[in-house]
Amino acid sequence: MAEYSPREMMAIAAARQIKDGDIVFCGTGISMLAAMAAKHISAPNSIIFFETGAIDSRLEEVPLAVADSRVMHWTSVNGSLADAFATMQNRHTGKRVVGIMGAAQIDRFGNLNSTVIGDYHRPKVRFSGSGGACDVASFVGRTIIFMQHEKRKFVKQVDYLTSPGWLDGPGQREKIGLPGGGPSVVITNMAIMGFDSDSKEMFLKGCFPGISAQGVQACM
Amino acid sequence: MAEYSPREMMAIAAARQIKDGDIVFCGTGISMLAAMAAKHISAPNSIIFFETGAIDSRLEEVPLAVADSRVMHWTSVNGSLADAFATMQNRHTGKRVVGIMGAAQIDRFGNLNSTVIGDYHRPKVRFSGSGGACDVASFVGRTIIFMQHEKRKFVKQVDYLTSPGWLDGPGQREKIGLPGGGPSVVITNMAIMGFDSDSKEMFLKGCFPGISAQGVQACM
Amino acid sequence: MNTSDNKVMTLPDAILRYVSDGCHLSIGGFTINRNPMAAVYEIIRRKIKRLHVYAHSNGQGIDELVGAGCVVKLEIAYAGSGRFAPTCVRFRKAVEDGSLAVEDYSNYQMTLRFLAGAMGLPFMPTRSSLGTDIIDKWGFTKPMRESDPKLPDKKLLVMDNPFGDWGDASHLVLVPAINPDVTIIHVQKADPQGTSRIEGLTFADVEQVKAARKVIITCEELVETDSLREKPDQNQIPFFCVDAVVPVPFGAYPTACFRHYDYDPVYLNDYRQAAQDETRFQNYLKEFVLGVDNQDELLEHVGKDRMDKIKADPRTGYAVGLDRR
Amino acid sequence: MNTSDNKVMTLPDAILRYVSDGCHLSIGGFTINRNPMAAVYEIIRRKIKRLHVYAHSNGQGIDELVGAGCVVKLEIAYAGSGRFAPTCVRFRKAVEDGSLAVEDYSNYQMTLRFLAGAMGLPFMPTRSSLGTDIIDKWGFTKPMRESDPKLPDKKLLVMDNPFGDWGDASHLVLVPAINPDVTIIHVQKADPQGTSRIEGLTFADVEQVKAARKVIITCEELVETDSLREKPDQNQIPFFCVDAVVPVPFGAYPTACFRHYDYDPVYLNDYRQAAQDETRFQNYLKEFVLGVDNQDELLEHVGKDRMDKIKADPRTGYAVGLDRR
Chain A
0 MAEYSPREMM AIAAARQIKD GDIVFCGTGI SMLAAMAAKH ISAPNSIIFF
50 ETGAIDSRLE EVPLAVADSR VMHWTSVNGS LADAFATMQN RHTGKRVVGI
100 MGAAQIDRFG NLNSTVIGDY HRPKVRFSGS GGACDVASFV GRTIIFMQHE
150 KRKFVKQVDY LTSPGWLDGP GQREKIGLPG GGPSVVITNM AIMGFDSDSK
200 EMFLKGCFPG ISAQGVQACM
Chain B
0 MAEYSPREMM AIAAARQIKD GDIVFCGTGI SMLAAMAAKH ISAPNSIIFF
50 ETGAIDSRLE EVPLAVADSR VMHWTSVNGS LADAFATMQN RHTGKRVVGI
100 MGAAQIDRFG NLNSTVIGDY HRPKVRFSGS GGACDVASFV GRTIIFMQHE
150 KRKFVKQVDY LTSPGWLDGP GQREKIGLPG GGPSVVITNM AIMGFDSDSK
200 EMFLKGCFPG ISAQGVQACM
Chain C
0 MNTSDNKVMT LPDAILRYVS DGCHLSIGGF TINRNPMAAV YEIIRRKIKR
50 LHVYAHSNGQ GIDELVGAGC VVKLEIAYAG SGRFAPTCVR FRKAVEDGSL
100 AVEDYSNYQM TLRFLAGAMG LPFMPTRSSL GTDIIDKWGF TKPMRESDPK
150 LPDKKLLVMD NPFGDWGDAS HLVLVPAINP DVTIIHVQKA DPQGTSRIEG
200 LTFADVEQVK AARKVIITCE ELVETDSLRE KPDQNQIPFF CVDAVVPVPF
250 GAYPTACFRH YDYDPVYLND YRQAAQDETR FQNYLKEFVL GVDNQDELLE
300 HVGKDRMDKI KADPRTGYAV GLDRR
Chain D
0 MNTSDNKVMT LPDAILRYVS DGCHLSIGGF TINRNPMAAV YEIIRRKIKR
50 LHVYAHSNGQ GIDELVGAGC VVKLEIAYAG SGRFAPTCVR FRKAVEDGSL
100 AVEDYSNYQM TLRFLAGAMG LPFMPTRSSL GTDIIDKWGF TKPMRESDPK
150 LPDKKLLVMD NPFGDWGDAS HLVLVPAINP DVTIIHVQKA DPQGTSRIEG
200 LTFADVEQVK AARKVIITCE ELVETDSLRE KPDQNQIPFF CVDAVVPVPF
250 GAYPTACFRH YDYDPVYLND YRQAAQDETR FQNYLKEFVL GVDNQDELLE
300 HVGKDRMDKI KADPRTGYAV GLDRR
């Protein structure tokens, strides 16, 4: 019996993707746990960075939103949204940013939907919308994606393409003019998936202890 | 015998063009004297403003450059060049800005040259260049122009059009897409000139005491 | 514009003077931090309707305006309140039942749209969202846009880089400027003339202010002009951008105000619960918004002890150890 | 990039490592304030040549680089040092004798070009300079531009507003981004990691830093990281933008550094005199630049009493009552 929760495993798996010197773009929840874990364990010189403009925050308590006052404490610079996104679009600093993100739907090329389920003009379900997710997915060196492993979330085609992954496959990002590097891994409660360097399609990299490839297949 | 210098008369004549609530874009030298005179005499609620980003500076000593530390003291905000020029290009605040400027050459439509005498690629004389002058002349509600009254400075056509006046005449600024209001007066060591509301051509509004229209004519 | 040296007025006066039915409004803050909540509640009490609202990620303030039926059109990047509401509940319901028309952009795009307005430009370029439905799917129809002079004819457009591959960019997305009729933000310190200082992250408040035709500043502390001018490097808003200055202690409550107070987890959790159900939400409005006359009465009604719990610790700027479940 | 926690190095090391013949350089400051003069003098001592320099209105620093023959191409808005040189003397001579190729822009255009570089965009739009020779007359020929991959093919271009009359703008001027190989600025405070604080006006220093591939910060005071992090609202440069941190007291001398010292009117007047004449200027370089090994020796050579005269008054940030004739 494992002495950790799937959520903890996901956070640690993501943390292991973060290297010293990386600028880590954080959302709330598990992505912030992953960034904090990396900073405290494996990558002490990684930099926690929020779209709200906080750089290298000293997180003495877990923020409950990227605008939580807890991200403003003991930073290098307290900037603005304009500063934060410019850092990610910037040709020099943008390459160093690792984006951690989640979504309601993902397709095999790592394109994400966090806007609606159903027709955009008559949605069955409405979500929060892009926030900074589309910007991060457009700009940064690489992205790490968190998903719950459920059939309804792994879809053939997303209902609304909020954040660009590898779009329709190899060369598409370059062709359309996106600067960023695209998604590198998808981490779920069951497994870790990568993207084939040629086809840009998602493949199963490995399962967490006690999970089988068949089990993963059954959930997507 | 007048108990003031032509330079003092020019500064006061310009100061009288400034109203309460005006945001006054200042260069160095006489334009700063004019702004300071207005603030201390006729328009106490006018706002002294520098392209370097200083807003409503408390000028206890005369700055010798728009970047002089003296402009940074006791301001409302110490901003940046980007902030200062955005204030002038801004559709709401830009209309309230009065620009005070000088030049090496001026034509009858108030177009200014502060870049070169002679051919741009082989100049006889090279000057500082636009600085913020072209931006101010492009953006703001109205401009006040200081000139020394000399034949060589009042020319049929400027050797280099650095800062836009009324360009080729009525409707030209609108046609080409310039937002600002254009030049309102030219103040020299001899006289004050306005611009005809129809033809946009410069005309003699009045001479300073002891100066005749013929005298002015002789110098342009 | 208001060129007076003393722009101090009451909140009802400021809202009455500058916010009216159908006007285009933008409010400052981000999700659960520094939303101008006192102003939001006053707008709801005044029953101002048909608002067209611009927001990047303003969570709580937008959701209460939407829930109270003040908003018909919303241009936004993110409608959430962090852990307290991953998707704002009243926003979600209004979109799903078709009572709210939404145009989706990214956070950077909304920020750039305010920046373009502040800079006096018709648009700003960005490399964000190429290949996404943010470009392909428009919430406002072309006829709707062309019939409204206060809306640009296009949501956005894509252009080739006219400088070839300069900057290694083949294509750019151009997003149109926003110039709201009025922007309302809440700051820590302002003087009677309007010079304002925000402590901590400024979000997009400065751009939202400079883009607007009229600006209302609500502040925790109304201070002497000299006390702000001693350190002008720390001020962000020049007085000539401001039309009204309204002192409102706890003016961002129940959202946070760095160095003054934290968000109130109890209030935000109760709000989310109430928001789920029509009747409970109407009762919430009756009790906490329409049932009080101003922010002071709201605080009294909620209770002094709750304010003590969220009081900011001077070292960190937030309420250390606050129970945030 | 340098990801070390300690980027402190000597000025010769920083210049040797990051500034080489033919590189594209931008320096901070404005006319006679906060120019990184110690770095400028070190570049002259190292005899670095064929520099391509970008400046908005950097007066003194640019004129000394030009006068020493380090610069072959200059993109600039304004070459003056206020009352001390309405037009920089060595700049004027170099342009008139054809030894310096100049491309003229306005101050806002140069600022926007740095901003575009900082934002990762190929260009920025503005409404400035329509109808002027800044648009019609190019200092760098098209062949010169097309043969140099480090230059955009166009000085700038004019476009119709693709959003119709949105923003009441019919036409826009697009100015191409600048991404210098290296930017050097002088600040009041920096920590060993590179986080930096500028006091007073920032000019375009922040944009110049963020646009550059490599960044050298010279600072009056090297301080503990914690002392800057106590008040992060007052810091402008994040450490991850910085490659070298060089402590140089009086590093902006003879230009001013707000709250530390004023410009030195004697030095600037003597400089202007010397600059008028070839022999006198070469003697100036020999005595004050090549004749000393570093900024300390320059200060010693100039004399302690002169430093006392320009010491900033703590209330105003400049030298009150300084004889500035």
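Chains as they are written, first to last, in numbering that gives the first Met the number 0: chain A, 0 to 219; chain B, 0 to 219; chain C, 0 to 324; chain D, 0 to 324.
All C-beta atoms, glycine included, are put in the ideal place defined by N, C-alpha and C.
Nothing here was measured: the structure is a model prediction, and the numbers come from that model.
Nearest candidate by alpha-carbon position, reference residue i, set the options
i, options, result
"R100 of chain B", "B:V65, B:P208, B:R121", "For clarity, residue 100 of chain B is Met in the given sequence; the question names Arg instead. Considering only alpha carbons, the answer is B:V65."
"I54 of chain B", "C:T86, C:K230, C:I26", "C:K230"
"T51 of chain A", "C:D292, C:H300, C:G199, C:N1", "C:G199"
"G27 of chain D", "D:V18, D:V71, D:V39, D:Q281", "D:V39"
"T86 of chain B", "B:F138, B:T114, B:K123", "B:F138"
"S98 of chain C", "C:L10, C:Y104, C:V71", "C:V71"
"R107 of chain A", "A:A12, A:E200, A:M9, A:I11", "A:E200"
"E173 of chain B", "D:T224, D:D164, D:G81", "D:D164"
"P43 of chain A", "D:Y107, D:G81, D:T2", "D:T2"
"P124 of chain D", "C:S127, C:T125, C:L120", "C:L120"
"I40 of chain A", "A:I17, A:P122, A:E59", "A:I17"
"V157 of chain C", "C:L173, C:A211, C:S169", "C:L173"
"V97 of chain B", "B:R6, B:I144, B:K150, B:Y119", "B:I144"
"T201 of chain D", "D:I184, D:A311, D:K213", "D:I184"
Residue environment, residue i, which counts as buried when at least 16 other CB atoms sit within 10 Å
i, result
"G93 of chain A", "buried"
"A36 of chain A", "buried"
"P142 of chain D", "exposed"
"T278 of chain C", "exposed"
"Y3 of chain B", "exposed"
"T142 of chain A", "buried"
"K155 of chain B", "exposed"
"K325 of chain C", "The question about residue 325 of chain C has no answer here: the residues shown for chain C are numbered 0 through 324."
"N282 of chain D", "exposed"
"Q108 of chain D", "buried"
Through-space distance from residue j to residue i, alpha-carbon basis
i, j, result
"N188 of chain A", "Q207 of chain C", "40 Å"
"G242 of chain A", "P253 of chain C", "Here chain A comprises residues numbered 0 to 219, so residue 242 of chain A is not present and cannot be evaluated."
"D152 of chain D", "P161 of chain C", "10 Å"
"F122 of chain D", "F83 of chain D", "34 Å"
"V245 of chain D", "P35 of chain D", "11 Å"
"R89 of chain C", "A189 of chain D", "47 Å"
"V115 of chain B", "K136 of chain D", "12 Å"
"G140 of chain B", "Y53 of chain D", "30 Å"
"M31 of chain A", "G130 of chain D", "52 Å"
"L111 of chain B", "A203 of chain D", "26 Å"
"R57 of chain A", "T315 of chain C", "10 Å"
"C218 of chain D", "L203 of chain B", "53 Å"
"R49 of chain D", "D20 of chain D", "6 Å"
"R45 of chain D", "P5 of chain B", "49 Å"
"A176 of chain D", "L111 of chain D", "8 Å"
Residue i CB to nearest heavy atom of the ligand ATP below 7 Å
i, result
"I61 of chain D", "Here there are no bound small molecules, and the ligand ATP is not part of this structure."
Subject >> alpha helix (DSSP H) runs contained entirely in the region 224-282 of chain D, provided each spans 4 or more residues >> reply: Counting whole runs of 4 or more residues, the region 224-282 of chain D contains the alpha helix (DSSP H) stretches 224-228, 264-274.
**OP:** Could you list the residues in the region 164-180 of chain B with a C-beta less than 9 Å from some C-beta on chain D, going in chain order?
**Re:** Residues of the region 164-180 of chain B whose Cβ lies closer than 9 Å to any Cβ of chain D, in chain order: L166, D167, Q171, R172, E173, K174, I175, G176, L177, P178, G179.
**OP:** Name, going along the chain, the residues of the region 232-264 of chain C whose beta-carbon falls closer than 8 Å to a beta-carbon of chain B.
**Re:** Result list: D232, N234, Q235, I236, P237, F238, F239, C240.
Subject >> Complete beta strand (DSSP E) runs within the region 164-207 of chain D (minimum length 3 residues, chain order) >> reply: Counting only runs of 3 or more, we get 170-175, 181-189.
Subject >> beta strand (DSSP E) runs wholly inside the region 76-162 of chain A, at least 3 long, in chain order >> reply: The beta strand (DSSP E) runs of length 3 or more contained entirely in the region 76-162 of chain A are, from start to end of the chain, 96-101, 115-118, 121-125, 141-146.
Subject >> Contacting positions in the region 73-90 of chain B - beta carbon closer than 7 Å to chain C >> reply: Hits within the stretch, in order: W73, T74, S75, V76, N77, A85, Q88, N89, R90.
Original post:
What residues in the region 21-50 of chain C have a beta carbon less than 7 Å from any beta carbon of chain A?
Top reply: Closer than 7 Å at the C-beta level to chain A, one finds these residues of the region 21-50 of chain C: F29, T30, I31, N32.
Subject >> Near-chain D residues of the region 129-141 of chain B - C-beta to any C-beta below 8 Å >> reply: The residues in question are S129, G130, G131, A132, C133, D134, S137, F138.
**OP:** Can you give me, in chain order, the residues of the region 147-165 of chain C that have a beta carbon less than 8 Å from any beta carbon in chain D?
**Re:** Along the region 147-165 of chain C, going in chain order, the ones with a CB nearer than 8 Å to a CB of chain D are P151, D152, K153, L156, M158, N160, P161, F162, G163, W165.
**OP:** Check distances from the C-beta atoms of the region 64-97 of chain D to those of chain B and list, in chain order, the residues that come in under 8 Å.
**Re:** Cβ contacts with chain B come from I75, A76, Y77, A78, G79, S80, G81, R82, F83, P85, T86, C87, F90, R91, V94, E95, G97.
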